[in-house]
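Colleague:
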Amino acid sequence: MISTGRKILGYVAASAVLLVGWQLLAMLIASPALPGPAPALTDFVRLFVPALLPQLGYSAWRVLASVAIGTLLAVPLGLVLGRSPRADAVFAPLVFLSYPVPKAVFLPVLLVLLGIGNTSIIALIALIVFFQILVTARDAARQIPSGSVTSVRSLGADRWQVFRHVVLPASMPDVFTALRISSGTAIAVLFFSESTAGQTGLGWYIYDAWGRIAYSEMFAGIVAMALLGVVLYELIESAERRVCRWTRAGR
Amino acid sequence: MVHVHITDASVTYQGVDRRVHALDGVTLDLAEGEPVSVIGPSGCGKSTLLFALAGLVPLDGGSMDVGGEQVAGPRLRTSLILQDFGLLPWKTVLANAALGLQVRRHPRAERERDAIAALERVGLGDFLHTYPSELSGGMRQRLALARALALDADLLLMDEPLSALDALTREDLQGLLLELWHQRKHTAVLVTHSIEEAVFLGRRIVVMTPRPGRVASIVDNPDFGTAGYRDTEAFYERCAALRRLLADEGALHVADGLTGEAETDVASEAVRR
Ligand SMILES: Nc1ncnc2c1ncn2[C@@H]1O[C@H](COP(=O)(O)OP(=O)(O)OP(=O)(O)O)[C@@H](O)[C@H]1O
Ligand SMILES: [Mg+2]
């Protein structure tokens, strides 16, 4: 297992590489639209508590709530579809028809139905996460080795116990992989929806700074958003370490 | 312990695009505490027979009676051990051993006590919090056995439990299986592809026909369980007799542990014709 110290060291090294690249790129392009890291980070520090932190709060709450809602709805449903041919026959066509539709196009509809603000944004991200996790959970549940199910059934397990002792834990590694991928999508959709529909959040902040031609402030916002993404990713990682301890055994 | 009466049992699977007649009128009686080996060509329905006895596959004809009751679903003290051990990789050794008790809603303290006792009995007392993937093949098989012991099973159904193991480990575990049987005198059905294993672990050996499976013959093995049986002349003779029987059934190309003897038998016969 990678220790926390080594992990932090990794992040520091990666940040250094990114900063150098950023600096070089800024020098190369020499446009006010791409300030170097120095002014951006100065603004980041200066604005963090008064301006960025409140927006970061909004954004963090939205993305956490929506990922949680999407996941909690998708996992049980996906697992049931994967294990029950009858439920699957009814719902799978629905899922596969709606899966390729880019859910972001529903933002205007959600805005009309739910109004501008938190609810629409959370609903949109949750919807997108929901579909990604649903499809993965369904496939994971279908691939469970029949030996695991048979052996637990032979012990007298009922459907719920098979679900709890076999289907749910067996699918968790795949669900977490999907969740990690979804977290990136979630942040992207967060930016899109906040910059379109609201007067709060980092997305709105970045968009607003862009409108004011305050490019170093805009990049301070972008840095904050990247941090949010890293934190979300790490949260998912640590949850996986807890839930899927066994995947690290025997390696 | 329990007796088992299988009368004219038939099983048909509804496959993806065809029906498979897997068992066709199997009749077999096991006395209380009698260990029986089952051997036969691949696909003849040996696993199906065990699954039906475990209450996992419904019969479409005949009946199965375990301890005076018709098999209608999984039974409390029947334990099924599979070739890939049926262990759950996401549960620790202790949780795997205790799983049967947990499914039956025994209180936590009680099931841990029973599971630990069973694990100690098979020599896994020091590995309670390890995961199955950290165990060797032989240890995993011991764990599967411990699960059955924790349940205090009186009918042990084993589907090629040792076939994934190397020869040494396999012999070691055959010894353990015999020892446990001597201690507990449970009724047992052992499906195996190994002639030596069938003779070493079965008081009687049931030979099955190719699919649809029927009982071709039953070989008595009166010396089963005697000390040092594996090294006796009687053991070799019994193995040779069983091998000839299997050759007649046309099963030998799948039976492992076959030596040149049976093959030359079949070959010389072909030459003579
Ligand atoms: N779930 C199933 N659906 C359809 N057919 C099945 C199913 N399970 C087994 N069969 C078929 O039933 C027959 C008997 O299978 P079974 O697994 O009992 O054989 P076996 O004697 O255990 O074989 P092996 O020695 O290779 O393990 C085979 O022809 C197999 O294809
Ligand atoms: Mg089989």
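Respectively, the protein sequence lines represent chains A and B.
Read left to right, the first sequence gives residues 127 to 377 (the working numbering).
Read left to right, the second sequence gives residues 211 to 483 (the working numbering).
The C-beta atom is built at its ideal place from N, Cα and C for all residues, glycine as well.
Computed from a prediction, not measured in an experiment: that's the story for all the values here.
1. Pull up the distance between the alpha-carbon of I242 (chain A) and that of L328 (chain A), whole angstroms please.
2. Is the CB-CB distance between L260 (chain B) and D369 (chain B) below 8 Å?
3. Helix, strand or coil: which one does DSSP assign to R483 (chain B)?
4. Taking Cβ-Cβ distances shorter than 7 Å, what residues in chain B pair up with L205 (chain A)?
5. Report yes if the CB atom of I259 (chain A) is closer than 8 Å to the CB atom of G310 (chain A), and no otherwise.
6. Any heavy atom of ligand 2 closer than 7 Å to the CB of V257 (chain B)?
7. Do you know how far the Cα of R279 (chain A) is from the Cα of V356 (chain A)?
8. V106 (chain A) bridges to which residues according to DSSP?
9. What are the start and end residues of the beta strand (DSSP E) that includes L386 (chain B)?
10. For M211 (chain B), would you say it is in contact with chain A, using Cβ-to-Cβ distances shorter than 8 Å as the test?
11. Going by DSSP, what residues sit across from D430 (chain B) in a beta bridge?
12. Taking the alpha-carbon positions, what's the L198 (chain A) to R321 (chain B) distance?
13. Does H291 (chain A) come out as helix, strand or coil in the three-state DSSP assignment?
14. Any idea what DSSP makes of E279 (chain B), helix, strand or coil?
15. With DSSP collapsed to three states, give me the class of A283 (chain A).
16. Return the bridge partner residues of G271 (chain B) from the DSSP annotation.
17. Please name the residue or residues paired with A398 (chain B) in a DSSP beta bridge.
18. Looking only at C-alpha atoms, which of A:I332, A:D300, A:M298 sits nearest to A350 (chain A)?
19. What's the C-alpha gap between A227 (chain B) and H392 (chain B)?
20. Below 8 Å on the Cβ atoms is my contact criterion, and I expect L388 (chain B) with G435 (chain B) to pass it. Report the Cβ-Cβ distance as a whole number of Å.
Modeller: Short version:
1. The straight-line gap from Cα to Cα measures roughly 16 Å.
2. A contact, by the Cβ cut-off of 8 Å.
3. Because R483 (chain B) carries a pLDDT of 37, less than 50, the predicted location of this residue cannot be relied on, and the following value inherits that uncertainty. DSSP places R483 (chain B) in coil when its eight states are reduced to three.
4. Under the 7 Å cutoff, chain B gives no residues; its nearest Cβ is about 15 Å from L205 (chain A).
5. Result no, Cβ atoms of I259 (chain A) and G310 (chain A) do not sit closer than 8 Å.
6. Before going further, note that residue 257 (chain B) is Ser rather than Val in the sequence given. The nearest non-hydrogen atom of ligand 2 is less than 7 Å from the C-beta of S257 (chain B).
7. CA-CA distance, V356 (chain A) to R279 (chain A), rounds to 41 Å.
8. No information on residue 106 (chain A) is available, as it lies outside the stretch 127 to 377 that chain A covers here.
9. Counting along the chain, L386 (chain B) sits inside no beta strand (DSSP E); it lies in the alpha helix (DSSP H) bounded by residues 377-394.
10. Between M211 (chain B) and chain A, the shortest Cβ-Cβ separation is not below 8 Å.
11. DSSP lists B:R414 as the beta-bridge partner residues of D430 (chain B).
12. Each residue's Cα considered, the two are about 31 Å apart.
13. DSSP places H291 (chain A) in helix when its eight states are reduced to three.
14. If DSSP states are grouped into helix, strand and coil, E279 (chain B) belongs with the strands.
15. Reduced to three states, the DSSP call for A283 (chain A) is coil.
16. In the DSSP output, where bridge partners are listed per residue, G271 (chain B) has B:S220.
17. Partner(s): B:P245, B:L366.
18. When each option's Cα is compared against that of A350 (chain A), the closest is A:I332.
19. Note on residue identity: the sequence assigns Asp, not Ala, to residue 227 (chain B). Rounded to whole angstroms, the gap between the alpha carbons of D227 (chain B) and H392 (chain B) is 46 Å.
20. With a contact defined as Cβ atoms closer than 8 Å, L388 (chain B) and G435 (chain B) qualify at about 7 Å.
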